[in-house]
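Protein chains: 2
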Amino acid sequence: MANRVRVFAPASASNLGPGFDVLGLALVSPGDIVEAELSQAPGVEIVEITGSQSLSKDPGINVVGVTASAILQQLNHHNSCGVRIWLHKQMPLASGLGSSAASSVGAAVAVNHLLGDPLSSKELIQYALEGEAVASGSRHADNVAPSLLGGIVLIRSYTPLDLVALPVPSALRIVVVHPHTAVETASARELVNKQRFSISQVVANLGNVAALVSALHSDDLNLFSRSIQDMLVEPIRAPLVPAFSKVKKAALAAGALGCSISGSGPSVFAFAESDTVATAVSDAIQKTFTSAGFNSDPYLGPINTKGAQILPPR
Amino acid sequence: MANRVRVFAPASASNLGPGFDVLGLALVSPGDIVEAELSQAPGVEIVEITGSQSLSKDPGINVVGVTASAILQQLNHHNSCGVRIWLHKQMPLASGLGSSAASSVGAAVAVNHLLGDPLSSKELIQYALEGEAVASGSRHADNVAPSLLGGIVLIRSYTPLDLVALPVPSALRIVVVHPHTAVETASARELVNKQRFSISQVVANLGNVAALVSALHSDDLNLFSRSIQDMLVEPIRAPLVPAFSKVKKAALAAGALGCSISGSGPSVFAFAESDTVATAVSDAIQKTFTSAGFNSDPYLGPINTKGAQILPPR
Chain B
1 MANRVRVFAP ASASNLGPGF DVLGLALVSP GDIVEAELSQ APGVEIVEIT GSQSLSKDPG
61 INVVGVTASA ILQQLNHHNS CGVRIWLHKQ MPLASGLGSS AASSVGAAVA VNHLLGDPLS
121 SKELIQYALE GEAVASGSRH ADNVAPSLLG GIVLIRSYTP LDLVALPVPS ALRIVVVHPH
181 TAVETASARE LVNKQRFSIS QVVANLGNVA ALVSALHSDD LNLFSRSIQD MLVEPIRAPL
241 VPAFSKVKKA ALAAGALGCS ISGSGPSVFA FAESDTVATA VSDAIQKTFT SAGFNSDPYL
301 GPINTKGAQI LPPR
Chain S
315 MANRVRVFAP ASASNLGPGF DVLGLALVSP GDIVEAELSQ APGVEIVEIT GSQSLSKDPG
375 INVVGVTASA ILQQLNHHNS CGVRIWLHKQ MPLASGLGSS AASSVGAAVA VNHLLGDPLS
435 SKELIQYALE GEAVASGSRH ADNVAPSLLG GIVLIRSYTP LDLVALPVPS ALRIVVVHPH
495 TAVETASARE LVNKQRFSIS QVVANLGNVA ALVSALHSDD LNLFSRSIQD MLVEPIRAPL
555 VPAFSKVKKA ALAAGALGCS ISGSGPSVFA FAESDTVATA VSDAIQKTFT SAGFNSDPYL
615 GPINTKGAQI LPPR
């Protein structure tokens with residue numbers, strides 16, 4: 001067993017248009033780094049947090065503490081050891097990039113590794129969800145699962161947790177642009193929870209999410225493009241994103257295969273079929289945010305098919 | 315151009331659990347037979363209907379007349395000819411078997427053939443939907459499309475019509491059992507139209523329909539089985555099917571991969587992974603209907619991958 005470990009856990013984009021709470025994918029960057037070491041003092045200590053001023057070092061509140069404590073309690077019955085954690089935030093909070101999920105996943109993978117890797121990926125997801133629930137107010141796996149596993153992940157069911165790894169077309173590129181404003185995940189979710197949906201809205205998303213999955217399996221980026229449509233949640237959350245309708249129009253005009261809100265926003269995502277188009281789309285989105293008075297950060301590249309990774313010792 | 319043609323158009327099962335209005339598949343049997351010939355008198359004449367006492371021979375009311383008239387008006391601008399039709403109903407009405415869709419499709423394929431096959435499959439579906447709308451009160455392609463094309467069809471979008479042919483696992487068997495009672499499609503639809511759905515119901519179906527499509531592409535009957543679940547419409551329509559909860563329990567106990575309501579009922583469908591299991595499931599369902607006081611007819615076999623077929627001349 002290692003005494004110290006460093007884990008990279010990637011950011012993720014969830015929903016992907018029609019797949020509210022059931023689809024997510026991992027980005028190559030950004031991602032959080034969680035360092036952890038075994039200690040003789042029982043319990044979890046968060047030694048340091050870099051990259052964020054606002055996060056608590058209280059292990060009962062911070063997602064890395066909650067996740068690490070849950071695993072430790074499960075595996076270390078005799079309280080014979082504890083864990084010390086350093087969290088290096090490398091992405092904005094409340095951004096729609098799966099920031100809390102990445103921290104949770106990093107902590108889960110790190111603590112599991114320190115204890116000899118006894119837990120399966122599926123078990124790690126369950127523990128990471130406990131951390132994620134602290135941040136978002138509910139247990140949603142559409143960021144946690146892709147951050148851990150990589151690729152494009154479908155959550156068929158939450159009870160029991162049933163995950164499907166979907167094929168990733170090799171040409172596919174993802175663009176996520178984060179405008180400098182924040183959306184609280186819990187309140188964005190409340191907007192959706194209180195809504196009731198007509199059957200025609202539901203049918204539109206059923207058809208599109210089914211077609212999106214078929215398109216991934218058959219490497220059909222044309223069908224994939226037609227499927228990136230959301231009649232359910234995008235209309236509710238669009239007001240949370242600065243100039244969203246203009247941003248979407250600009251992305252599509254620049255050649256995007258589709259564009260919608262990443263998670264609960266304010267980040268938007270778009271798909272492209274090459275690096276060149278991805279760059280043009282990213283530029284068009286940033287320009288539109290700038291015109292609306294918002295600076296922004298772009299993240300673009302292929303889909304991250306590796307997920308969370310243990311980094312070599314420094 | 316042929317002067318006379320006979321067309322077989324198969325029955326179909328729609329929704330398939332999670333895919334309300336977006337999924338349907340064709341059965342090997344039963345199916346309607348539409349015979350048609352060119353005539354010198356303009357317009358459409360329905361000469362004879364066998365197999366049903368209740369259907370009107372008025373071509374403005376009967377689905378075959380509506381579909382045939384729509385095609386004729388489009389293609390035969392000079393009113394230089396007409397069409398005479400014989401409709402042989404070989405399946406019950408208001409059964410959940412796509413009876414009106416089969417008649418519409420049979421008429422569309424027959425009239426198109428008499429006129430030299432100028433229309434594409436997609437155009438034929440549009441015309442058949444006009445007939446279908448007469449019977450069901452709305453244009454829904456989840457019976458028409460599989461009856462015409464065969465196989466398992468996904469309707470990504472209605473406007474514009476966008477269809478995806480899904481892979482059919484070779485081991486898959488479908489069982490449809492029709493209890494001797496009727497459900498009016500239009501009133502069954504009204505039950506759904508007036509309903510509003512919570513996001514948790516919607517998410518459950520999004521996950522299942524996406525997983526069902528992934529399972530078909532990866533030939534994974536285990537995942538397929540877990541995906542045949544409907545939180546949206548089955549709870550609303552179950553009271554329209556005699557002893558539905560017992561029927562479903564019996565089907566699953568006999569080894570069905572899944573069981574739900576076919577279209578708007580009262581027929582139920584189940585999937586099986588072999589002919590032997592399909593027979594056991596069919597028997598179990600029929601026995602349960604009998605106990606509830608209903609005779610029934612079973613239809614079981616592989617998925618019909620051919621769709622509507624022009625039959626050899628007699």
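Residue numbers (this note's numbering), protein chains in the order written: chain B, 1 to 314; chain S, 315 to 628.
Note that beta-carbon positions come from the ideal geometry of N, C-alpha and C, so glycine has one too.
Environment of residue i [buried if 16+ CB atoms lie within 10 Å]
| i | result |
| --- | --- |
| residue 147/B | buried |
| residue 387/S | exposed |
| residue 503/S | buried |
| residue 604/S | exposed |
| residue 7/B | buried |
| residue 314/B | exposed |
| residue 229/B | buried |
| residue 325/S | buried |
| residue 620/S | exposed |
| residue 23/B | buried |
| residue 3/B | exposed |
Three-state secondary structure (DSSP) of residue i
| i | result |
| --- | --- |
| residue 443/S | helix |
| residue 199/B | helix |
| residue 273/B | coil |
| residue 157/B | strand |
| residue 187/B | helix |
| residue 93/B | coil |
| residue 120/B | coil |
| residue 283/B | helix |
| residue 255/S | Past the edges of chain S, shown from 315 to 628, lies residue 255/S, and the structure says nothing about it. |
| residue 44/B | strand |
| residue 483/S | coil |
| residue 562/S | helix |
| residue 456/S | helix |
Strand pairing of residue i, partner residues [DSSP]
| i | result |
| --- | --- |
| residue 322/S | 347/S, 623/S |
| residue 50/B | 88/B |
| residue 489/S | 584/S, 614/S |
| residue 261/B | 268/B |
| residue 39/B | 82/B |
| residue 548/S | Paired residues: none, contrary to the question. |
| residue 477/S | 469/S |
| residue 328/S | 338/S |
Beta-carbon contacts of residue i that lie in its chain and below 6 Å, excluding the five residues immediately before and after
| i | result |
| --- | --- |
| residue 523/S | 332, 333 |
| residue 265/B | 96, 183, 237, 240, 241 |
| residue 13/B | 25, 176, 262, 269 |
| residue 39/B | 82, 84 |
| residue 180/B | 294, 295 |
| residue 615/S | 342 |
| residue 611/S | 492 |
| residue 254/B | 280, 281, 284 |
Neighbourhood of residue i by C-beta, 8 Å cutoff - its chain only, sequence neighbours within 5 removed
| i | result |
| --- | --- |
| residue 432/S | 389, 426 |
| residue 359/S | 353, 373, 396, 397, 398, 399 |
Pairwise C-alpha distance: residue j and residue i
| i | j | result |
| --- | --- | --- |
| residue 449/S | residue 127/B | 52 Å |
| residue 36/B | residue 25/B | 26 Å |
| residue 170/B | residue 272/B | 11 Å |
| residue 549/S | residue 508/S | 14 Å |
| residue 329/S | residue 5/B | 49 Å |
| residue 345/S | residue 362/S | 17 Å |
| residue 406/S | residue 541/S | 29 Å |
| residue 380/S | residue 446/S | 9 Å |
| residue 256/B | residue 374/S | 46 Å |
| residue 510/S | residue 466/S | 28 Å |
| residue 602/S | residue 613/S | 16 Å |
| residue 211/B | residue 452/S | 23 Å |
| residue 365/S | residue 220/B | 44 Å |
| residue 463/S | residue 251/B | 36 Å |
| residue 21/B | residue 622/S | 39 Å |
| residue 283/B | residue 520/S | 32 Å |
| residue 479/S | residue 468/S | 6 Å |
| residue 34/B | residue 159/B | 29 Å |
Own chain residues within Cβ distance below 7 Å of residue i, not counting five before or after
| i | result |
| --- | --- |
| residue 275/B | 173 |
| residue 536/S | none |
| residue 192/B | 233, 236 |
| residue 370/S | 376 |
Cβ-heavy atom distance, residue i to the ligand COA, below 7 Å
| i | result |
| --- | --- |
| residue 511/S | The model on display carries no ligand, and the ligand COA is accordingly not part of it. |
Residue-level contact to chain D via CB, residue i, 8 Å cutoff
| i | result |
| --- | --- |
| residue 196/B | Here chain D cannot be found, since the structure's protein chains are B and S. |
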